[in-house]
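For reference, the structure is listed below as structure tokens.
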Ligand SMILES: Cc1cc2nc3c(=O)[nH]c(=O)nc-3n(C[C@H](O)[C@H](O)[C@H](O)COP(=O)(O)O)c2cc1C
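In the numbering used here, the protein residues as written are 17 to 337.
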């Protein structure tokens, strides 16, 4: 497919990625791309009301009108199985200013599924329905409730029931990661065409997600899914200006520009209350970046053994010099 093919005008949304796409990284990526929306990492709801402090750690943007400094709205994502507790926490996040509430029904992590949240609920459409219905009823009418699902647990055929549960439950927007839980992250298991099959059952804005790494992937995903709105996750980490590459056909960033972003990420992270995990977060980002930039692989090798934050940061700066 050639780059001459045009992209349809739609939203491009930054996906939630727990343990990776943290507030400093949102800050960086929304400054260099015009993402229409970010969704926070999930926060797990069990059987109590989260503290405001927890929600602010998850989404410090709540203190600045629910937007990153560059103005991109950031929506809180909740994960859990108890309708009433999810509703209580959705009310709290709403009162704190979250632009919409997203519920995660797609996380495949074992520790999440053992506690029956995330993708485990794909096997229980009735629970999905109960959760959304309860949360919807608890929220003010003008607060958007959205859901994020995979196509199913083991088969995409399961998506019909799942989607009916989401719509009848009252979600006002839906993101579909076009794989099943059992597909994991296998790239050849992506099923954008399944979104097209169910499109006409979904009377609310629909967002296609999964395996969008480039402009061409974005065009192909729109074509096969019939969906103009796209959500990008890992691709946005590999190519930090992926949003602008898709919407403005910007050239991929140079390594020098990416290196500056790494320094900014470190700078912002150092100003956060908990900066002890910077070295692991930067290494994690480098692992994504090295798919796109050979220099990231070199930098990763040179900092791999550094753990102490100060020594790590010195090494990052020295490596470039
Ligand atoms: C490390 C990691 C963390 C993730 N965390 C979340 C999460 O907190 N909430 C969620 O709904 N999805 C989460 N996802 C799924 C992504 O939002 C997205 O659906 C998936 O990565 C497919 O999109 P991509 O191919 O563009 O990466 C996560 C994915 C990864 C790889």
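The beta carbon of each residue, even a glycine, is placed where N, CA and C say it ideally should be. Bear in mind the structure is a predicted one, so any value in this text is a computation, not a measurement.
Closest to residue 254 by CA distance: which of 246, 241, 227 is it? Position 238 of the chain shown, counting from 1, holds the residue named residue 254. Proximity to residue 254 across 246, 241, 227 peaks at 227, based on C-alpha coordinates.
Tell me whether residue 18 is buried or exposed, calling it buried when 16 or more other Cβ atoms sit within 10 Å of its Cβ. Residue 18 sits at position 2 when you count from the first residue of the chain shown. Its pLDDT being 48, under 50, residue 18 is placed unreliably in this model, and the value from its coordinates should be taken loosely. Flag for residue 18 reads exposed.
Measuring from the CB of residue 57, is there a heavy atom of ligand 1 at a distance below 7 Å? As a position in the chain shown, residue 57 is number 41, starting the count at 1. Residue 57 Cβ: within cutoff of ligand 1.
Nonlocal neighbours in the same chain, by C-beta distance under 8 Å from residue 328, ignoring five residues either side: Looking up residue 328 in the chain shown gives position 312. Closer than 8 Å at the Cβ level, and outside the excluded window around residue 328, lie 294, 295, 298, 319, 322.
Check this for me: beta carbons of residue 133 and residue 96, under 8 Å apart or not? Residue mapping note: residue 133 aligns to position 117 of the chain shown, counting from 1. Residue mapping note: residue 96 aligns to position 80 of the chain shown, counting from 1. Cβ atoms of residue 133 and residue 96: closer than 8 Å.
Based on the DSSP output, what are the partners of residue 225 in its beta bridges? Within the chain shown, residue 225 is the residue found at index 209, counting from 1. Its beta-bridge partners are 193, 247.
For residue 164: DSSP bridge partner residues: Numbered from its first residue, the chain shown carries residue 164 at position 148. Beta-bridge pairing links residue 164 to 120, 191.
By the three-class DSSP mapping on this structure, what secondary structure does residue 39 have? Counting from one through the chain shown, the residue named residue 39 turns up at place 23. Helix at residue 39.
Around the C-beta of residue 34, are 16 or more other C-beta atoms found within 10 angstroms, so that it is buried, or is it exposed? Reading the chain shown from its first residue, position 18 is the one you call residue 34. Looking at its Cβ environment, which holds 16 or more other Cβ atoms inside 10 Å, residue 34 is buried.
Cβ neighbours of residue 82 in the same chain (closer than 7 Å, five flanking residues each side left out): Position 66 of the chain shown, counted from the start, is the residue given in the question as residue 82. Cβ neighbours of residue 82 beyond the five flanking positions: 89, 90, 113, 114, 115.
How do the segment 147–165 and the segment 182–193 stand: do at least 3 beta-carbon pairs fall below 8 Å, yes or no? Enough Cβ pairs lie closer than 8 Å, so yes.
State buried or exposed for residue 261, treating a residue as buried only when at least 16 other CB atoms are found within 10 Å of its CB. For the purposes of this step, residue 261 is identified with residue 245 of the chain shown, where counting begins at 1. Answer is buried; the Cβ neighbour count reaches 16.
Give the DSSP bridge partners of residue 303, in chain order. The residue given as residue 303 occupies position 287 in the chain shown. Its beta-bridge partners do not exist; DSSP assigns none.
DSSP three-state call for residue 319: helix, strand or coil? Within the chain shown, residue 319 is the residue found at index 303, counting from 1. Here residue 319 sits in helix by DSSP.
Reducing DSSP to helix, strand and coil, say where residue 17 ends up. As a position in the chain shown, residue 17 is number 1, starting the count at 1. Residue placement at residue 17 cannot be trusted, given a pLDDT of 46 that sits under 50; what the coordinates show is reported in the next sentence. The three-state reading of DSSP puts residue 17 in coil, since its state is none of H, G, I, E or B.
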